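Input: a single structure, listed below in structure tokens.
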Amino acid sequence: MKRVLDAASWGNRLKAILASSCVPHYLSLGLPQGLWTQSKWQEFGVGASIKDYPVDNPGNPFTVPKYSRFAMLSQDSGGRVIYEAGLVENSTDVNPVSGEVVIVSPFFSFSPSCNLNASVVYANFGTEEDFGDLARANVGVIGKLVLIKAGKAQGRLLGDNFLKTGLAGYITSPDPQQDGEFTEGNGYLPYPDGPARAPLSVFRQSGPHTYPNASSPGPVPVLPISYTDAIPILQALNDHGPRADELGDLWKGGRLGYSGVEYNVGPTPSNIVLNMHIEMEETQAIAYDVVGTINGNIEDEVVIIGNHRDAWGAGAADPNSGSAILSELATNTSPKPVLSWAHYSVKSHLRSHLPIILFQANRCWTSGVARWGPQGGGDASMFVRQCITTSDFGFEQGDHDPVFHWHSSFDTVAWMDRFGDPGFQYHMAAARVWALLAARLVESPVHPFNVAEYAVTLRQYISLIEEQADETLGSRLSFETLYDDLSHLHSAAVKFDTLAVELRESGRMAFDHEVKTVNAKYRMFERQFYNGEGNGVQQSDKSIVFQDSSYKVNQPGFPELANNVESGGLDEAEEWLNIIQSKIEDAIGLLEG
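Just so we're aligned: the sequence shown equals residues 1 to 593 in the UniProt record's numbering.
Pasting the structure below:
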């Protein structure tokens, strides 16, 4: 790691790596970039292989766009077009290697095709709370198109909300509300002339991976648009329905008022409809994962360092900034445990190697981006849900930083060079921090973990759920025994961490029997909360402590217990209380055994 920390020519080298990979490579398009990464790692002396994994999603296959149209029509004039959305990002940035402009059609993968006319309702961020507020205001969404601000509800979280509502489809659009200081409303020029958002930028992502069932007709069509294309729709809603700020504080903050938008929720008047015509092509999505291994002296321990590699556009920041640093770190490393470098798409490598990883992995570090953006898909979430001790690392965008065009054709090397990270100083800092974290993991004879803090955090999660239970279930659900178990766990954890500190200070080596025993227990501690029997948890969600989340939406700890308490389901809540107590007792037994 010393060469990484001392390197003086990082800026040019990182920039070259970014430039070589900044072309669209969403699912099925990533083989050339995967082969390039494999070759580069092999040059560094890392044993690297590339594997392809079909991405199967029964009932809702992966889709890519063939044709898209979005237009506002006047019913009074026989369907006359009032406004036709351009649906094209006007980026002129070129890839420094290919010399080509990088532009991708706006789309959500997994969206079905549609050709429908409907009135529109504005639904804030499209969260469950937002739809509840609309219902309380007597604003119906059944059979309508819903316009939401992009960025808060994502992927499966969108599907969970929208399939309950009966809406016909939805449209997502960025809003300067999330852009901090640098907005056109504050007088700043948009990119490429200034740091504000490019008005034609869109936000792509995966649509809900929802399986049709008896109560659900299937996935809902969705189309991402720019705020330039959203403004005429929002203007058509002016004076129709309640104003957004009348529905609560969470509805305030929209920042397109300078364009004549009043943020009424609608629906649009009866003489105006929107036509959303999407033709999507079903395809067998393929994930191409590159995995490299540096063998250490301790073969039954593995540290995984990785980032995701699929990109919705050029992807200079997301994910290629993380990819560039991952490649930089894959040099001159001689670890004690096995060090695995994973450059993956949709976490498919984890799924296929889960039994081995569960047994061997010490810790996983993942980096979606080195620089920028508070958003993200939760690239470490699959590891977390499988109870592998994991950290997700990167820099966040500040309130006074230029706007990051997430999942857009404007996420380019040119933007990174001018606004995102001039001189690539953040990239270099991220690589140094990542290298130090990895070095501590692979070079510390005793794992630098702390289970006492974990026990404290579990108690905090339960305290929040108990507060909710007081409102929904009264005194019918008792947490007394669970709190006793949590106190016992904390006591056992403090004693165990104290033993680990003593071993570190004694100078014992990694091959010492007592050190190996402590390390094995640290490695297996979080595994005690793995729910292998199912018990209502989705197949990919084995952790009883954590579930899917995003950088914009915080999900509760112990989600199944929390959700049943919130809904007032006493029997289900008691079942999950018993499951949690059993897992905590397993963790106590591990530490004290």
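Every residue, glycine too, gets a C-beta built ideally from N, C-alpha and C.
Predicted model, so just to flag it, every value in this text is computed and none were measured.
Check, Outcome
"Using the Cα positions of S113 and G248, report the straight-line distance between them to the nearest angstrom.", "34 Å"
"I'd like to check one pair, I465 with A317: are the Cβ atoms closer than 8 Å?", "no"
"Let me make sure I understand the geometry here. Which of T172, A236 and Y263 has the alpha-carbon closest to that of V220?", "T172"
"Please name the residue, chosen from H488, L570, D417 and E299, that lies closest to F511 on a Cα-to-Cα basis.", "E299"
"Answer with buried or exposed for residue 594, where buried requires no fewer than 16 other C-beta atoms within 10 angstroms of its C-beta.", "Nothing about residue 594 can be reported from this structure: the residues present for the chain run from 1 to 593 only."
"By Cβ distance, which residues of its chain are closer than 7 Å to P199, with the 5 residues on each side in sequence left out?", "P190, S226, Y227 and T228"
"With burial defined as no fewer than 16 other Cβ atoms inside 10 Å of the residue's Cβ, what is the status of K495: buried or exposed?", "exposed"
"Under DSSP, the alpha helix (DSSP H) around H488 begins and ends at which residues?", "E480 to S506"
"Could you have a look at F404 and say whether DSSP puts it in helix, strand or coil?", "coil"
"How long is the line joining the alpha carbons of H349 and S105, rounded to whole angstroms?", "Low local confidence applies: a pLDDT of 45 at H349 is under 50, so the model's placement there is unreliable, with the coordinate-based value given in what follows. Their backbone Cα atoms lie some 28 Å apart in a straight line."
"For F62 versus S109, is the C-beta spacing smaller than 8 Å?", "yes"
"Within the same chain, show all residues whose beta-carbon is closer than 6 Å to that of A236, passing over the 5 residues directly before and after it, in chain order.", "T268 and I272"
"Give me whichever residues DSSP pairs with Y288 in a beta bridge.", "D52"
"Would the segment 473-480 count as touching the segment 415-435 if we require 3 or more Cβ pairs under 8 Å?", "no"
"Around the C-beta of P224, are 16 or more other C-beta atoms found within 10 angstroms, so that it is buried, or is it exposed?", "buried"
"Please indicate yes or no: does the CB of F546 lie closer than 7 Å to some heavy atom of the ligand ZN?", "In terms of ligand content, the structure shown is empty, and the ligand ZN therefore cannot be addressed."
"Return the chain-ordered list of same chain residues with a C-beta closer than 8 Å to the C-beta of G169, the five sequence neighbours on each side being excluded.", "C114, L116, A118, L145, V146, V220, P221, V222, L223 and M276"
"Evaluate residue 594 with the Cβ neighbour count: other Cβ atoms within 10 Å of its Cβ, from every protein chain shown; 16 or more gives buried, anything less gives exposed.", "Outside the shown range of the chain (1 to 593) lies residue 594, about which nothing can therefore be said."
"Just to confirm my understanding: we take V456, look at its own chain, exclude 5 residues before and 5 after, and list those with CB closer than 7 Å. What are they?", "H490"
"Quick check on D484: buried or exposed, where buried means 16 or more other Cβ atoms within 10 Å of its Cβ?", "exposed"
"Considering only C-alpha positions, which residue in the set A19, G474, S444 and I580 is nearest to L458?", "I580"
"Rounded to whole angstroms, how far is the Cβ of A324 from the Cβ of I50, which I believe are closer than 8 Å?", "About 18 Å separates the two Cβ atoms, so there is no contact after all."
"Give a yes or no on whether the C-beta atoms belonging to I148 and G166 are separated by under 8 Å.", "no"
"By the three-class DSSP mapping on this structure, what secondary structure does L18 have?", "helix"
"By how many angstroms is the C-alpha of A573 removed from the C-alpha of E560?", "8 Å"
"Which residues mark the beginning and the end of the alpha helix (DSSP H) in which H513 is found?", "H513 to F525"
"Ordered along the chain, which non-local residues of its own chain (more than five positions away) have a Cβ less than 8 Å from that of P448?", "R440 and L441"
"Within 10 angstroms of its Cβ, does T412 collect 16 or more other Cβ (buried), or is it exposed?", "buried"
"If distances are taken between C-alpha atoms only, which option among G34, V94, W41 and L329 comes closest to W434?", "L329"
"Assign Y530 to buried or exposed, taking buried as 16 or more other Cβ atoms, counted over all protein chains shown, within 10 Å of its Cβ.", "buried"
"Is G47 helix, strand or coil when you go by DSSP?", "strand"
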